[in-house]
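Chemist: Residues 1 to 236, numbered by full-length UniProt numbering, are exactly what the sequence shown covers, in order.
The C-beta atom is built at its ideal place from N, Cα and C for all residues, glycine as well.
A quick note: this is a predicted structure, and the numbers were derived from the prediction, not measured.
Have a look at this one.
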Amino acid sequence: MEVVHPLNGLLTQQLQQTLKSSKAGEIGITQALQAAQEQVAARLYSCIPFLQQCGDAVPSQAYDAPEEALTLAPLDDEYQQLQEKVGEVSQRLADYRACVPVVLEEKLATYLATCRPALETAAAEQPGGDAAPCSTTQRAPFSAEPSDHLRASFSHLITRMPSVRAKLEEALERLERIVGAVEASSTSPVGLPTTPASPAYPPVSPAFREALQSGKITTRRKVARECLAAVAFQAL
Numbered sequence: 001m002e003v004v005h006p007l008n009g010l011l012t013q014q015l016q017q018t019l020k021s022s023k024a025g026e027i028g029i030t031q032a033l034q035a036a037q038e039q040v041a042a043r044l045y046s047c048i049p050f051l052q053q054c055g056d057a058v059p060s061q062a063y064d065a066p067e068e069a070l071t072l073a074p075l076d077d078e079y080q081q082l083q084e085k086v087g088e089v090s091q092r093l094a095d096y097r098a099c100v101p102v103v104l105e106e107k108l109a110t111y112l113a114t115c116r117p118a119l120e121t122a123a124a125e126q127p128g129g130d131a132a133p134c135s136t137t138q139r140a141p142f143s144a145e146p147s148d149h150l151r152a153s154f155s156h157l158i159t160r161m162p163s164v165r166a167k168l169e170e171a172l173e174r175l176e177r178i179v180g181a182v183e184a185s186s187t188s189p190v191g192l193p194t195t196p197a198s199p200a201y202p203p204v205s206p207a208f209r210e211a212l213q214s215g216k217i218t219t220r221r222k223v224a225r226e227c228l229a230a231v232a233f234q235a236l
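Here is the structure:
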């Protein structure tokens, strides 16, 4: 299967434009040659009155001859030079028309060969000659080692979840007891308890008293309630 590259159309358009421009150049040279002929004829006609004043330098038949009877080519070297240039340019255009399409086709074939994927080249070299339907990208071989490692890590994390959850619940219960003690002490007119520590009233440190006075306990109380609500929702 041959690959059709967008550059093929682009090079074809460039070739057509080159041929059109060469044809237009040939027409322009022909028009320039005709203009030069008219200029030479005008200069010759402008010299006729001067020659008449000089006497018999020009025969009387030349005055009455029509414009077509005047042979301009042997009389003007510039006309001959223009004819030679036109011949050279015409020859060059003919050579370009013969060789430029071949050169462009060779360059296009070389460029398309470099752009063609290696898979199609290898398929074309097979004995069958038919390219097997395959994707342009080669897939890496599948390895089971990463999946086994991930599966083992995931299993280890799952086995650790109950213990981690138990620790979180224990920490939340302790935090709830502390918050309950703080609420009881804040609502009590006596203030913080001075009795020894008990499960209902844990020991109170000076830092805890400062946190109670600064208002940080309220934030911790809200966090504890939200955590307890989240754990209860997960248990459902």
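(1) Assess contact between the segment 36-50 and the segment 83-102, defined as three or more Cβ pairs (one per stretch) separated by less than 8 Å. Is contact present?
(2) Going straight from the alpha carbon of Thr30 to that of Tyr79, what length do you get?
(3) How many whole angstroms separate the CB atoms of Leu44 and Leu82, which I take to be in contact at a CB cut-off of 8 Å?
(4) What does the alpha-carbon distance come out to for the pair Gln181 and Arg174?
(5) Using a 10 Å radius around the Cβ and a threshold of 16 neighbouring Cβ atoms, would you call Ala42 buried or exposed?
(6) Assuming Ala224 and Val164 make a contact with CB atoms under 8 Å, what is their CB distance in whole Å?
(7) Excluding five sequence neighbours on each side, which residues of the same chain lie with their C-beta closer than 7 Å to the C-beta of Cys227?
(8) From Arg160, Ala36, Thr110 and Thr114, pick the residue whose C-alpha is nearest to that of Lys85; which is it?
(9) For a test of the three-state rule: what should DSSP assign to residue 255, helix, strand or coil?
(10) Just how far apart, CA to CA, sit Thr110 and Asp95?
(11) Is there at least one non-hydrogen atom of the ligand SAH closer than 7 Å to the beta-carbon of Pro101?
Modeler: So, from the listed chains and residues:
(1) The segment 36-50 vs the segment 83-102: no contact.
(2) To locate residue 30, count along the sequence shown from 1; it is residue 30. To locate residue 79, count along the sequence shown from 1; it is residue 79. Going from the Cα of Thr30 to the Cα of Tyr79 covers about 12 Å.
(3) For the purposes of this step, residue 44 is identified with residue 44 of the sequence shown, where counting begins at 1. For the purposes of this step, residue 82 is identified with residue 82 of the sequence shown, where counting begins at 1. Rounded to the nearest angstrom, the Cβ distance from Leu44 to Leu82 is 16 Å, too far for a contact under 8 Å.
(4) Within the sequence shown, numbered from 1, the residue matching residue 181 stands at position 181. Within the sequence shown, numbered from 1, the residue matching residue 174 stands at position 174. Checking the sequence shown, residue 181 turns out to be Ala, not Gln. If you take the alpha carbons of Ala181 and Arg174, they lie about 11 Å apart.
(5) To locate residue 42, count along the sequence shown from 1; it is residue 42. Taking every protein chain shown into account, the CB of Ala42 has fewer than 16 other CB atoms within 10 angstroms, so this residue is exposed.
(6) Numbered from 1 along the sequence shown, position 224 holds the residue referred to as residue 224. Numbered from 1 along the sequence shown, position 164 holds the residue referred to as residue 164. Rounded, the Cβ-Cβ distance is 18 Å, inconsistent with contact.
(7) Residue numbering aside, residue 227 sits at position 227 when the sequence shown is read from its first letter. Cβ neighbours of Cys227 beyond the five flanking positions: Leu172.
(8) Taking the first residue of the sequence shown as position 1, residue 85 is located at position 85. Of Arg160, Ala36, Thr110 and Thr114, the residue nearest in Cα terms is Ala36.
(9) Outside the shown range of the chain, which is 1 to 236, sits residue 255, and nothing can be said about it.
(10) For the purposes of this step, residue 110 is identified with residue 110 of the sequence shown, where counting begins at 1. For the purposes of this step, residue 95 is identified with residue 95 of the sequence shown, where counting begins at 1. Those two C-alpha atoms are separated by around 23 Å.
(11) Because no ligand of any kind appears in the structure shown, any question about the ligand SAH cannot be addressed here.
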